[in-house]
Each structure stands twice: as C-alpha cells, then as structure tokens.
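**Student:**
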Amino acid sequence: MPYKRRLRLLLVASTHPEWAEEARAIATKIGAARIEPRAAARVSVDKEEWADLVLTVDAAARDELPDLPHRVQVRHLDLTRATDPHARRQVIEEHLRGILGGLRLMARSDGNH
0 MPYKRRLRLL LVASTHPEWA EEARAIATKI GAARIEPRAA ARVSVDKEEW
50 ADLVLTVDAA ARDELPDLPH RVQVRHLDLT RATDPHARRQ VIEEHLRGIL
100 GGLRLMARSD GNH
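Using numbering that gives the first Met the number 0, you'd call the opening residue of the sequence shown number 0 and step up by one each time.
#1: Alpha carbon to alpha carbon, how far is ALA60 from ALA12?
#2: Just list the residues that DSSP pairs PRO36 with in beta bridges.
#3: What number of angstroms, rounded off, separates the C-alpha of LYS46 from the C-alpha of ALA38?
#4: State the CB to CB distance for the pair VAL42 and LEU64, rounded to an integer number of angstroms; the pair is presumed to be in contact (CB under 8 Å).
#5: Taking the Cβ atom as the reference point for each residue, do ARG33 and LEU52 lie within a distance shorter than 8 Å?
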C-alpha cells in the first residue's frame, strides 16, 4: 500500500520546549514533502490521535509520556549531550534525516517513488 500522506511527527520536550520547536523547524525545512511536524510540551489526547510517530527530545517528556495507541510509534532523541546550539541542531538534523531515509525506503518498497 503506497503512503498517501506525510508522516505526522510530534516532537515533544517538557523541560526544554524550545528544543521541540527547533526540531519542528528543522523537520519542516528538510522534510516538508514527507513529514508533517508539530511541536508540543506534552502529549494530549488530540495530539496522540493525530500522530504517527512521537519523538521525545528531553528526558522529562520521555518519562511523562502517557500510554499511546499501538499504531503510534515512539522514539527518544537524547539532546542533553549536545552541549551547544550548533551541536544540538546537527544531532536533530541527523536523526530526522534517518527518519526521512526510512520513509523513502518504505515508499520504494511499495513502488511509490
């Protein structure tokens, strides 16, 4: 089955909400054709209904994550090791490019280039 819509990516950061917003901006810049990103400080019912993938970017968000529907995948990106803004942006971009690569592979396997 071809993927007919963009991946709905929810980026969550409780302690550092600016990190989620920064990741959203990067995702929009590099993956707008394949990713529909949103940033949040917490996951609420309306957001969990919307998301295909939840990516927490700080430990508090990961620890506070509610039980999500089985169809929603969850990943954690540890940004605490990125000690300066440039390093943080680089880590975010590398991770998002990995997600984009996976989406391209899935599309190819479905014959939907």
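Built from N, CA and C at the ideal position, the CB exists for glycine as well.
**Tutor:** Taking the definition as stated:
#1: Along the sequence shown, read from residue 1 onward, the residue named residue 60 stands at position 61. Along the sequence shown, read from residue 1 onward, the residue named residue 12 stands at position 13. When rounded, the distance between both Cα atoms is 5 Å.
#2: Position 37 of the sequence shown, counting from 1, holds the residue named residue 36. Looking at the DSSP assignment, PRO36 forms a beta bridge with LEU8.
#3: Here residue 46 refers to the residue found at position 47 when the sequence shown is read from its first residue. Here residue 38 refers to the residue found at position 39 when the sequence shown is read from its first residue. For LYS46 and ALA38, the distance between alpha carbons rounds to 10 Å.
#4: By one-based count along the sequence shown, residue 42 stands at place 43. By one-based count along the sequence shown, residue 64 stands at place 65. Correct: roughly 6 Å between the Cβ atoms.
#5: As a first step, residue 33 is located in the sequence shown; it is residue number 34 there, counting from the start. As a first step, residue 52 is located in the sequence shown; it is residue number 53 there, counting from the start. Their beta carbons are not under 8 Å apart, which means ARG33 does not touch LEU52 by this criterion.
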